[in-house]
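K.L.:
Before I ask anything, here is the structure I am working with.
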Amino acid sequence: MTTAIITAIALFLSTTVDDFLVLAVSFSTSKDRHERRNIWIGSFLGIFLVYVIGMAGGWGIQQTSWRFTQVLGVAPIILGLRYLFNSFNEPSQAEGKPFMTYTIPRVLMLTFADSADNFAAYVPVFSTMTVMELLISGVIFVLLTFVLLYAAQKFSELPAVQVTIRKYSRYLVPGILVILGVLILFGI
C-alpha cells in the first residue's frame, strides 16, 4: 500500500508541472468567481477523465506502443494553434484582455489536451497495478488535484504574476500547448 501511495504521488507530481502553468494563466485571466469555479470543476473533470482513460488503457491493454502515446501530442498542438489563431482574429483578444471565457466544457477540453502527455506515463504504470492500488491512486490524484488547483490559484493572485500573465496570456497557453505537443510527438 505504501508503494502505491508513493507511486501515485510521484506520478501525479511528475505529470502536472505543465498543468500548473496553464492553471495559473487560467486563474489570472478569469473574470469572476463563476469562471474560477468553472476552472475548478472543469479541471477536476478533465484530470478524472485522463486518469480513467489511463487506468483503462493500462489495465485493459497491458501494453501500449510508445508510437500510440506520442500521436496524442497532436491534440495539444491543434488546440494551442486554434487558441492562438482565434486570439488574432478576435478584436477582444488584445493584450490584457481575458484569454478565453472559462466554461466547464472548455476547461475540461483544455485540461484534457494539456494532459495528453500523461498517458505515456499513466498507461505503463497503471498496467502493473492491482485494482486496490488503482483505487488508492485515484484517491491520491483527487487530493493532489485539489492541492494543484489551490496552489495555482494562489500563485495567480500574486500581483507580479497577474500583471505578466494578463499581458501575455494570449501567447502563454497556446505556446505551452504547442511546445508540449511537440515534446510528446518526439517522445522527449
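Numbering (the numbering used here), first residue to last: 324 to 511.
No residue lacks a Cβ here, since even glycine has one placed at the ideal position from N, Cα and C.
(1) Once you ignore the five residues that flank A347 on each side, which residues in its own chain have a CB closer than 6 Å to its CB?
(2) Distance, Cα to Cα, A379 vs V484?
(3) Which residues in the same chain have their Cβ closer than 6 Å to the Cβ of V501, if we skip the five residues on either side of it in sequence?
(4) So, for N441: in the same chain, excluding its five sequence neighbours on each side, which residues have a beta-carbon less than 6 Å away from its beta-carbon?
(5) Are the stretch 445-457 and the stretch 348-360 touching by the rule of at least three beta carbon pairs closer than 8 Å?
(6) For G473, which residues in the same chain have their Cβ closer than 8 Å to its Cβ, ignoring the five residues on either side in sequence?
(7) Alpha carbon to alpha carbon, how far is I328 from V470?
(8) So, under 8 Å CB-CB, I370 and S460 are touching, yes? Tell me the CB distance rounded to an integer number of Å.
(9) Select from F449, K490 and G504 the residue whose C-alpha is nearest the C-alpha of T326.
(10) Assign T265 to one of two classes, buried (16 or more other C-beta atoms within 10 Å of its C-beta) or exposed (fewer than that).
(11) For E480, which of helix, strand or coil comes out of DSSP?
(12) Take V505 and list the residues in its own chain whose beta-carbon comes closer than 6 Å to its own, dropping the five residues that flank it on each side.
(13) What is the DSSP secondary structure of Y425, reduced to helix, strand or coil?
(14) For L458, is the classification buried or exposed, using 16 other Cβ atoms within 10 angstroms of its Cβ as the cut-off for buried?
(15) Tell me where the alpha helix (DSSP H) around A439 begins and ends.
P.N.:
Let me lay it out:
(1) Translated into positions along the sequence shown, residue 347 becomes position 24. A475, F478 and S479, listed in sequence order.
(2) Within the sequence shown, residue 379 is the residue found at index 56, counting from 1. Within the sequence shown, residue 484 is the residue found at index 161, counting from 1. Taking the straight line joining both Cα atoms gives about 38 Å.
(3) Within the sequence shown, the letter at position 178 stands for residue 501. Cβ neighbours of V501 beyond the five flanking positions: I400 and G403.
(4) For this step, residue 441 is matched to residue 118 along the sequence shown. Closer than 6 Å at Cβ, skipping near neighbours: T338 and V373.
(5) no
(6) Here residue 473 refers to the residue found at position 150 when the sequence shown is read from its first residue. A quick correction: the sequence has Tyr, not Gly, at residue 473. Closer than 8 Å at Cβ, skipping near neighbours: no residue.
(7) As a working note, residue 328 is residue 5 in the sequence shown. As a working note, residue 470 is residue 147 in the sequence shown. Rounded to whole angstroms, I328 to V470 spans 16 Å at the Cα level.
(8) Numbered from its first residue, the sequence shown carries residue 370 at position 47. Numbered from its first residue, the sequence shown carries residue 460 at position 137. Contact doesn't hold; Cβ gap of about 12 Å is too wide.
(9) The residue you call residue 326 lines up with position 3 of the sequence shown. Cα-wise, what sits closest to T326 is F449.
(10) Residue 265 lies beyond the stretch modelled for the chain, which goes from 324 to 511, so this question has no answer here.
(11) Looking up residue 480 in the sequence shown gives position 157. E480 falls in the coil class under three-state DSSP.
(12) Numbered from 1 along the sequence shown, position 182 holds the residue referred to as residue 505. Around V505: no qualifying Cβ.
(13) To locate residue 425, count along the sequence shown from 1; it is residue 102. Y425: coil per DSSP, three-state reduction.
(14) To locate residue 458, count along the sequence shown from 1; it is residue 135. The residue is exposed, with fewer than 16 neighbouring Cβ atoms inside 10 Å.
(15) Looking up residue 439 in the sequence shown gives position 116. A439 -> no alpha helix (DSSP H), and no H or E assigned at all.
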